[in-house]
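Asks: Sequences listed follow chains C and Z, in order. Oh and the first sequence: position 111 is 111 in my numbering, straight run, nothing missing. Oh and the second sequence: position 108 is 1108 in my numbering, straight run, nothing missing.
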Amino acid sequence: MTAAAAYFHRDFRVAWSYRFSFFVQNVSMIFSLVTLRLIADLFGSQQVDALAPYGGDYFSFVLLGVGLSFLAYPVLQSFPDAVRGAQTTGTLEAMLLTRTSPALIIACGGLYPILIAVLQLITFVSIGALVLGAQVELANLGLVFLVLALTMATLAGIGLFSAAFVIVFKQKDHFSTGFLAIAFLMSGVMYPTSVLPGWIEPLAPLIPITHTLELARQLLLESADGSSIAFHFAALGAFSLLLPIGLAVLAYAVRVAKRAGSLAQY
Amino acid sequence: MLGANGVGKTTLLKMVATLLLPDQGRIHVDGYDVEQEPRRARERVGYVLADERSFHWRLNAENNLLFFARLDGMDVPSAKRRIAFLLERLDLMSARERPFGQYSTGMKHRLAVARALLMRPRVLLMDEPTRSIDRGHAAEVWRLVREEIEEVEGCLVVVTHQVQEALGLCNRVSILADGSIAIDTSADSLGRFTSDLDGFTVSVRGLAASDMETLRDCEGICDVRLASHMAGEQVLEVWTANGEEPLASFLNAVTSTGATVCSLQRATPLQGVIERLIAHGSNGTAENGHYEPVLPGATS
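1) Between S126/C and chain Z, is any beta-carbon pair separated by less than 8 Å?
2) Restricting to Cα atoms, I'd like to know which of R1089/Z, E1147/Z, T1018/Z, D1023/Z is closest to T1033/Z.
3) Going by DSSP, what residue range makes up the beta strand (DSSP E) through R1096/Z?
4) Taking Cβ-Cβ distances shorter than 9 Å, what residues in chain C pair up with V1078/Z?
5) Could you tell me which of G1101/Z, H1229/Z, L1111/Z, P1099/Z sits nearest to F1085/Z, measuring between CA atoms?
6) So, helix, strand or coil for T984/Z, using DSSP?
7) Let me check understanding here. Comparing Cα to Cα, which of G188/C, F233/C, S262/C, L247/C lies closest to L51/C?
8) Please classify A134/C: does DSSP put it in a helix, a strand, or coil?
9) Going along the chain, which residues of the segment 206-221 of chain C sit with their C-beta nearer than 7 Å to a C-beta in chain Z?
10) Taking CB distances under 8 Å as the criterion, tell me whether F20/C reaches chain Z.
11) Is it right to say Y16/C is buried, meaning 16 or more other beta carbons lie within 10 angstroms of its own, or is it exposed?
12) Note down, in chain order, each residue of its chain lying with its Cβ closer than 7 Å to the Cβ of T1010/Z, except the 5 sequence neighbours on either side.
13) Check the Cβ of H9/C against every Cβ in chain Z and list those closer than 8 Å, keeping chain order.
14) Rounded C-beta distance between G1073/Z and T89/C? I'm assuming under 8 Å.
15) Among the candidates S126/C, F145/C, V83/C, L213/C, whose CA atom is the shortest distance from the CA of A251/C?
16) Over what stretch of residues does the beta strand (DSSP E) that includes W1239/Z continue unbroken?
17) Can you tell me whether DSSP reads I353/C as helix, strand or coil?
18) When burial is assigned at 16 or more other CB atoms within 10 Å of the CB, is I1221/Z buried or exposed?
19) Evaluate A1139/Z with the Cβ neighbour count: other Cβ atoms within 10 Å of its Cβ, from every protein chain shown; 16 or more gives buried, anything less gives exposed.
20) Go to F1055/Z, then tell me how far its alpha helix (DSSP H) extends in each direction, as first and last residue.
21) Report yes if the C-beta distance between V249/C and A153/C is below 8 Å; otherwise report no.
22) So, with DSSP's three-state summary, where would you put M1/C?
23) Check the DSSP bridge columns for H1161/Z and list the partner residues they point to.
24) Compare the C-beta of A5/C with all C-beta atoms of chain Z and state if any pair is closer than 8 Å.
25) Determine the closest residue to E1148/Z out of A1004/Z, V1113/Z, C1218/Z, with distance taken between C-alpha atoms.
26) Express the C-alpha separation of R1276/Z and L242/C in angstroms, rounding to a whole number.
27) Under 8 Å between C-beta atoms, does W1142/Z make it to chain C?
28) Using beta carbons (cut-off 8 Å, strictly below), is V166/C in contact with chain Z?
29) Among the candidates P1129/Z, R1096/Z, D1075/Z, whose CA atom is the shortest distance from the CA of N1064/Z?
30) Taking any Cβ of chain Z, which residues in the segment 239-250 of chain C have a Cβ under 9 Å from it, in chain order?
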């Protein structure tokens, strides 16, 4: 906890020194919301069969899809970015000299961007619901937070693999970008997976975010289906095992770099 | 620890500090194996890194040190008290609110010393800690380091290119060559053995590589070596045959090449010491795997 608190304090101080960037980021989020509302208004009151299982309102559907996809990038990218940043600024070795374990140092390095992303997601959905008319129900909020926790564990696990790649191979990996592009196409961010071509649709459950989006929509858009929820929770729970595996791989990568003498190289 | 550039001094320190793992052999810090019990070893080590960038540039000195103290598990009130004490002693208190990026090179190095001392380490590793610190502040750094080390009955390992600094601070001197300890002797015997080696360190700007031969040909000069490049200045290590006698003609020779002399300091030439010791070492005896030269006037 002390290490996590130290990182929050540090990263908040650094972010506060870039206040304008923070402001622009949040204003652009509002613009995205308004854009989604206008696109949804194009549909008007038309009934789209594919949206029926999600309550039929496209704005509510896409609000959750885009909001949760905003969460994915920071969670995936924060760990490799933290390592790369510490290598290029020269602080990695200094941090690894402390009593905190190397894997925890790198894991904590990604926490602040994740916290900010969660706060932005909550703000995004709240503004969408309270100001722009999305029909979001809060009855299953506890389960929604469990979905978020499992999703973040899964994506953090993948992010730790990325960080391990950066430590061993000294270059930015492009896995996160590729993963997000595939997720955006196949996991149902902008449209239900049922509209995917027949040969792609069976692949959608292989993307963790597919289950996140299904669960979030079923729990927040008044369309919860018990058996379906259990399946998606089980799938997401299995994916979340990537977190301990990612931590183990990261610890191994640090050891490899220490042996090779390349820990601080970039 | 003395040695030419690239012989492995920093690598050795990093292995002691658990930042690197040795290919072979074992390193124990205060009884703890750095490979088997790295956390225990790290708890006992403070390390002044040679890399002056090793802080967060947008944070001020106090917040930088607070961050590292908390990673070391120190609670905030204790950390703040300790930080205030160290910043005061290292003459950084008045600059504690200034972002690290605005610090001069010397201030950055003093802050690195403060960080290494935060947890009162029993083993303090310092990699050329005073190379960019002015004499007054360097003296205070060493005073503080001595006090801190004595208080915990710890030990200090310093990598330096300045023979006088090593002789003044330490009771043992190791000289590294080709990745291993070529000479390991007492500071007293080294001091006696090299007392007739005279020289000085000159910082210059704008000296061409081709001018080095001209400088070596000056009367009374045994050798001139480019020791380092720092902040646009070239640091020359000059080994003389007759003390300060050839100094004037040497400085004339420097200015005649079009270069500017920035600073001058009397110093025993490291290269001269290394060459003499290694040449003499062939008459020595092996002890604990290291070579202990039999030096004239040395006491056991």
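Note that beta-carbon positions come from the ideal geometry of N, C-alpha and C, so glycine has one too.
Replies: In brief:
1) Chain Z, which has no Cβ nearer than 8 Å to the Cβ of S126/C, makes this no.
2) Position check: residue 1033/Z holds Asp in this sequence, whereas Thr was assumed. The candidate whose alpha carbon is nearest that of D1033/Z is T1018/Z.
3) Careful: R1096/Z lies outside any beta strand (DSSP E) and carries neither H nor E.
4) The question names Val, yet the displayed sequence has Ser at residue 1078/Z. Those do not exist, as S1078/Z stays about 12 Å from chain C at its closest Cβ, beyond 9 Å.
5) F1085/Z has its Cα closest to that of L1111/Z, out of G1101/Z, H1229/Z, L1111/Z, P1099/Z.
6) Outside the displayed range of chain Z (1001 to 1300) lies residue 984/Z, so it cannot be described from this structure.
7) Looking only at G188/C, F233/C, S262/C, L247/C, the smallest Cα-Cα distance to L51/C is reached by G188/C.
8) If DSSP states are grouped into helix, strand and coil, A134/C belongs with coil.
9) Along the segment 206-221 of chain C, there is no position whose C-beta sits under 7 Å from a C-beta of chain Z.
10) Not one chain Z Cβ lies under 8 Å of F20/C.
11) Looking at the sequence provided, one finds Trp at residue 16/C rather than Tyr. So W16/C counts as exposed.
12) Answer for T1010/Z: A1050, D1127, V1159, listed in chain order.
13) Near H9/C (Cβ distances below 8 Å), the residues of chain Z are N1063, L1066, F1067, R1070.
14) In fact, because the Cβ distance is near 23 Å, the residues do not count as touching under 8 Å.
15) With respect to the C-alpha of A251/C, the residue from S126/C, F145/C, V83/C, L213/C having the closest C-alpha is V83/C.
16) Per DSSP, W1239/Z belongs to the beta strand (DSSP E) from 1233-1240.
17) Lying before the first or after the last residue shown, residue 353/C is absent from chain C, which here runs from 1 to 266.
18) Residue burial is scored here from C-beta neighbours: I1221/Z has at least 16 other C-beta atoms within 10 angstroms and is therefore classed as buried.
19) Label assigned to A1139/Z: exposed.
20) Per DSSP, F1055/Z belongs to no alpha helix (DSSP H) and is neither H nor E.
21) The answer is no: Cβ separation not under 8 Å.
22) Of the three classes helix, strand and coil, the one that applies to M1/C here is coil, per DSSP.
23) Paired residues: none, contrary to the question.
24) For A5/C, the nearest CB of chain Z lies under 8 Å from its own CB, placing it at the interface with that chain.
25) Closest option to E1148/Z, Cα to Cα, is V1113/Z.
26) The alpha-carbon atoms of L242/C and R1276/Z are separated by roughly 59 Å.
27) So no, W1142/Z is outside the interface.
28) Using a CB distance cut-off of 8 Å, V166/C does not count as an interface residue toward chain Z.
29) Among P1129/Z, R1096/Z, D1075/Z, the Cα nearest to that of N1064/Z is on R1096/Z.
30) Of all residues in the segment 239-250 of chain C, none places a beta-carbon less than 9 Å from a beta-carbon of chain Z.
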